[in-house]
Amino acid sequence: MSLLFVIPGPLRELAANHGEVRIDATAHSVSEALSLLWADCPAIRDRMVTELGELRPHINIFVDGESIRYSGGFGTPVRDGAEIFILPALSGG
Amino acid sequence: MPTTHHVTPRNGDVLLLVGTTKGLFIFRANKGRGKWEMGGPYFPGSAVYAMAYDGRAGRHRLWAGPQSMHWGGLLRWSDDFGHNWTNPQEANVKFPERAGAALKQIWQIVPGRDAEPDLLYCGVEPAALFVSRDAGQTWSLSEGLWNHPQRSRWEPGGGGLCLHTILLDPARANRIRIAVSTAGMYVTEDGGGTWRPSNKGIRADFLPEKYPEFGQCVHKVAQSQHQPERMFLQNHWGLYRSDDRGESWIDIADGVPSDFGFAMAIHPEDPDCAWIVPLESDQFRCTPEGKLRVYRTRNAGKRWDAMTKGLPQKDAYETVLRDAMAVDSLDPVGVYFGTRSGKLFGSADDGKSWSTLLDGLPPIVAVKASVVSLPRARKGA
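Line by line, the protein sequences are chains A and B.
Under the working numbering, the first residue of the first sequence carries the number 1, and numbering increases by one thereafter.
Under the working numbering, the first residue of the second sequence carries the number 1, and numbering increases by one thereafter.
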């Protein structure tokens, strides 16, 4: 039972320079899964969410290929072995 | 990512921190200020509105508040002029849960007085003041200002509801003034416990009541370090002087092409001398008549003179934002400003003549000038 997080380039410095972080644990939701990631890599938390606990507007999270914006947000179910991608959105100027 | 260049300032050099919407650039020159070297870009892709040089207590520390569109903002510092920057594990400037707010942007960082070398202040959006008493290791919200009963009626200006100006009164340790767009100026006499508005005489053209107690859209305020009673204020419509530490304000806009503008700087020694860059109306917000003119007063606003030598006087529709002008502490004074179109200008003679330091930076949002004071190396060390 494990979860695989794919870490974007700008955050890898905060994940011991790893592009992927595997956590041997079970989570029922994205919220629980992220808590496990943040326990291992605490500096990533404030880069992903605001003080109000909201996902920053220009970050996307995909669970097994589906954006959580369309699958229940932080409450999105997570299966054993899920791949969770953290990606900066296509935005800029 | 772009290649980052570094500069290595020496004792007595002038250091310019230039914040842009795409990162921080550092310029250095010797005291002649004729030839400039550039370092950066640092934090490429992040907007940097807040920067400071802290030379207190033997430090030579640079502060910056990069704001990433994706990853948010936090304060970072460098003790080697940008070669290395801290990257805090936890966002160091953040609202406590009880505040029910989230940081949008860091707007200002100001080192405390020389006698308080571990004290720093930080102004942010949504409008709030943060204080550090341990040289920036930890920060806490100024609850007195945050809980002010008028705060719920503050309104955001075009740049957001930002606390953009922090003035530490050189004559009294517990007196601090801050300015918020749009709330106006507030002052504390007890180090931040209690605050009161301080806007007597400042106009608010956009409100039914033209001289309210608070709610003015103050763009920038400057206070003399040698005569603290003397202050200048650039308002959203209105140019003012105070001779009583900001308790009351006098309109001094005669002789300028517009009393609208953002940037303002005061002479480090002469309390009668200040510089501004007037802009045409709050609709257009560009230099009037396509002429880039810095206006200087040397008699506390009785007369303003256009400083144009070396500045484009044709088809120059430029915008200089509230923090994009700064002065150094040399004699004659160096004056510097950057434009939203990425041009950086400097004068080494009180503004009489100007040269282009660089044309082609990203939009410039902040300029800070300092004279580097490094600890002297010991003989035989």
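Note that CB positions come from ideal geometry on N, CA and C, so glycine has one too.
Item, Value
"For the candidate residues A:Ser-31, A:Ile-59 and A:Cys-41, whose alpha-carbon lies nearest to that of Leu-109 (chain A)?", "One cannot answer for residue 109 (chain A) here, as it falls past the ends of chain A, which runs 1 to 93."
"For Leu-168 (chain B) versus Arg-113 (chain B), is the C-beta spacing smaller than 9 Å?", "yes"
"Might you give, ordered along the chain, the residues of its own chain that have their beta carbon closer than 6 Å to the beta carbon of Gln-227 (chain B), omitting 5 neighbours on each side?", "Pro-271"
"Take Asn-92 (chain B) and list the residues in its own chain whose beta-carbon comes closer than 6 Å to its own, dropping the five residues that flank it on each side.", "Leu-74, Leu-75 and Trp-139"
"Give a yes or no on whether 9 Å exceeds the smallest Cβ distance from Phe-130 (chain B) to chain A.", "no"
"Would the beta-carbon of Glu-13 (chain A) fall within 9 Å of that of Val-78 (chain A)?", "no"
"With a 10 Å radius around its C-beta and 16 neighbouring C-beta atoms as the bar for buried, classify Lys-220 (chain B) as buried or exposed.", "buried"
"Taking contact to mean at least 3 C-beta pairs separated by less than 8 Å, is the region 254-266 of chain B in contact with the region 353-364 of chain B?", "no"
"Counting contacts by CB-CB distance shorter than 9 Å, is His-28 (chain A) in contact with chain B?", "no"
"Please state the DSSP three-state secondary structure of Ile-44 (chain A).", "helix"
"If you reduce the DSSP assignment to three classes, tell me which class Pro-288 (chain B) lands in.", "helix"
"For Ala-326 (chain B), write down the residues that DSSP places opposite it in a beta bridge.", "B:Tyr-336"
"Taking 9 Å as the CB-CB cut-off, is His-70 (chain B) touching chain A?", "yes"
"With DSSP as the reference, label Pro-10 (chain A) as helix, strand or coil.", "helix"
"Distance check for Gln-137 (chain B) and Ala-183 (chain B), CA to CA, integer angstroms please.", "30 Å"
"Quick one: give me the first and last residue of the alpha helix (DSSP H) that Leu-62 (chain B) is part of.", "Looking at the DSSP string, Leu-62 (chain B) is not in any alpha helix (DSSP H); the run it does join, the beta strand (DSSP E), is 61-68."
"Do we get a CB-CB distance below 9 Å when we pair Ala-99 (chain B) with the residues of chain A?", "yes"
"Against chain A, does Leu-163 (chain B) count as a neighbour if the rule is that its beta carbon must be under 9 Å from one of theirs?", "no"
"Just checking: is the beta-carbon of Gln-105 (chain B) within a distance shorter than 9 Å of some beta-carbon in chain A?", "no"
"In this structure, does DSSP put Glu-125 (chain B) in helix, strand or coil?", "strand"
"Measure the alpha-carbon distance for Asp-305 (chain B) versus Trp-38 (chain A) and round it to whole angstroms.", "58 Å"
"Helix or strand or just coil, what does DSSP make of Ala-98 (chain A)?", "In this structure chain A extends from 1 to 93, so residue 98 (chain A) is not present and cannot be described."
"Alpha carbon to alpha carbon, how far is Lys-343 (chain B) from Ser-2 (chain A)?", "53 Å"
"Starting from Gly-144 (chain B), trace the alpha helix (DSSP H) in both directions and tell me its first and last residue.", "143-146"
"Quick check on Arg-47 (chain A) - is its C-beta less than 9 Å from some C-beta in chain B?", "yes"
"With a threshold of 9 Å between beta carbons, is Ser-84 (chain A) in contact with chain B?", "According to the sequence shown, residue 84 (chain A) is Ile rather than Ser. Not closer than 9 Å to any Cβ of chain B, the Cβ of Ile-84 (chain A) fails to qualify, so no."
"Is Ala-89 (chain A) close to chain B, meaning its C-beta is less than 9 Å from at least one C-beta of that chain?", "yes"
"What do you get for Ala-50 (chain B), buried or exposed, if any count of 16 or more other CB atoms within 10 angstroms of its CB means buried?", "buried"
"Under the assumption that Phe-95 (chain B) contacts Glu-51 (chain A) (Cβ atoms under 8 Å), give the Cβ distance between them as a whole number of angstroms.", "5 Å"
"Beta-carbon within less than 7 Å of Pro-111 (chain B)'s beta-carbon, same chain only, minus the 5 sequence neighbours each way: which residues are those?", "Ala-52, Asp-54, Arg-56 and Leu-120"
"Taking only three categories from DSSP, how would you classify Phe-232 (chain B)?", "strand"
"I'd like to know whether the C-beta of Pro-126 (chain B) is nearer than 9 Å to at least one C-beta of chain A.", "no"
"Among B:Gln-108, B:Ser-152 and B:His-60, which residue has its Cα nearest to the Cα of Gly-100 (chain B)?", "B:Ser-152"
"Expressed to the nearest angstrom, what Euclidean distance is found between the alpha-carbon atoms of Asn-17 (chain A) and Ser-68 (chain B)?", "20 Å"
"Can you name the residues of chain B whose CB is closer than 8 Å to the CB of Thr-50 (chain A)?", "Gly-72, Ala-102 and Leu-103"
"The region 42-55 of chain B: which residues have C-beta closer than 8 Å to a C-beta of chain A, in chain order?", "Gly-45"
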